[in-house]
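Remarks on the structure that follows.
In this note's numbering, the protein residues as written are 443 to 752.
See below:
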């Protein structure tokens, strides 16, 4: 009888197969996770692209194609350019769904012809007034940054009170525009919500934020696409602008139809147009602001106007 011992069964082979199977499963799991992460990244990229593509039409803002060749523009002795706004009616104020209570009711207003500056007054221009009259230098009262960033000669002048702005215009033989004059020059006869039309979009005004390329003020005329139908630059944004009128939130209810002069008295003066620190809604041509006549601010400047000869 053969007493040769039999070979033992190969149990380790089964263990090895189990081990390699587990390794293969783990590798497959890792590959699956990597694939899922890759797919997720690709999906987000596609979604972003789709969102950009889908949102591009909303960024295409319709602006009115104004005919500036019809404008009568004259250069004044001080070097400023003024445009003639002819006599005629325009829509002033806002309908209920668009504006604030003090902008209502919207009504037709007739104005005589007048001239108004195409550009906001700059620090360079205002410096001549300071030298000639010994008026105080503008001092920005509150700014959490270096005030010099707003005060270069080419920037629109700020930190001037209503009284100082009024005196500057008088020194040149001009005056501050009335509230109605400012609004007509900014929005035209048909009552556009912004100087360029009824849609707000990028590249049209200097407003809150740095997406427009400016943290604070911009040299007047930096946004030519945002001009009004009468050619005014920066009637929306950059710096808000003092006008002649006293403020009264109920004035529109009983204001005269022809050349409204504003209330006879008051505690605050009106300023218009919104500034570099305002939202698009506050840049509307009908939006009204008020401040004490002696108040100065880093957001308020002005432009001048004058009567047209008969």
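Where a beta carbon is used, it is the ideal one built from N, C-alpha and C, also for glycine.
Sequence-distant residues of the same chain with beta carbon closer than 7 Å to residue i, five excluded per side
i	result
residue 668	637, 638, 646, 647, 678
residue 749	556
residue 708	688, 689, 690
residue 513	525, 672, 673
residue 518	524
residue 640	634
residue 660	648, 680
residue 722	642, 649
residue 449	The pLDDT assigned to residue 449 is 43, lower than 50, so where the model puts this residue is not dependable, and the model offers no usable value.
residue 478	Unreliable placement is indicated for residue 478, whose pLDDT of 46 sits below 50; the coordinate value is still reported in the next sentence. None.
residue 713	682, 683, 684, 685, 731, 733, 742
residue 658	591, 592, 718
residue 510	673
residue 626	527, 532, 553
Under 8 Å between C-beta atoms of residue i and residue j
i	j	result
residue 544	residue 691	yes
residue 633	residue 548	yes
residue 563	residue 711	no
residue 740	residue 592	yes
residue 585	residue 520	no
residue 642	residue 503	yes
residue 728	residue 536	yes
residue 527	residue 622	no
residue 701	residue 553	yes
residue 751	residue 635	no
residue 720	residue 650	yes
residue 652	residue 644	no
residue 747	residue 616	yes
residue 706	residue 743	no
Bridge-paired residues (DSSP) for residue i
i	result
residue 503	Note: residue 503 sits in no beta bridge, so no partner.
residue 700	552
residue 617	747
residue 637	Answer is none; residue 637 lacks a bridge partner.
residue 732	712
residue 523	517
residue 648	679
residue 532	551
residue 666	Answer is none; residue 666 lacks a bridge partner.
residue 538	Partner(s): none; residue 538 has no beta bridge.
residue 661	DSSP output for residue 661 lists no bridge partner at all.
Residues of its chain near residue i, where Cβ-Cβ distance is below 6 Å and the 5 sequence neighbours each way are ignored
i	result
residue 671	508, 630
residue 610	571
residue 656	648
residue 568	599
residue 726	635
residue 505	638, 639
residue 662	561, 562, 598, 675, 676
Rounded Cβ spacing between residue i and residue j (contact assumed at less than 8 Å)
i	j	result
residue 738	residue 601	5 Å
residue 718	residue 681	7 Å
residue 686	residue 704	7 Å
residue 715	residue 628	7 Å
residue 693	residue 546	The pair is not a contact, with the Cβ atoms about 11 Å apart (cut-off 8 Å).
Own chain, CB closer than 8 Å to residue i, minus 5 neighbours either side, in chain order
i	result
residue 666	675
residue 565	580, 593, 594, 595, 596, 597, 598, 599
residue 578	572, 606
residue 603	735, 736, 737, 738
residue 515	523, 524, 525, 526, 560, 673
residue 583	601, 738, 739, 740
residue 574	613
residue 542	536, 729, 730
residue 538	546
Beta strand (DSSP E) runs contained entirely in the stretch 555–595, provided each spans 3 or more residues
556–559
Scan the stretch 674–730 and note each continuous alpha helix (DSSP H) run of 4 residues or more that stays entirely inside, going in chain order.
693–696
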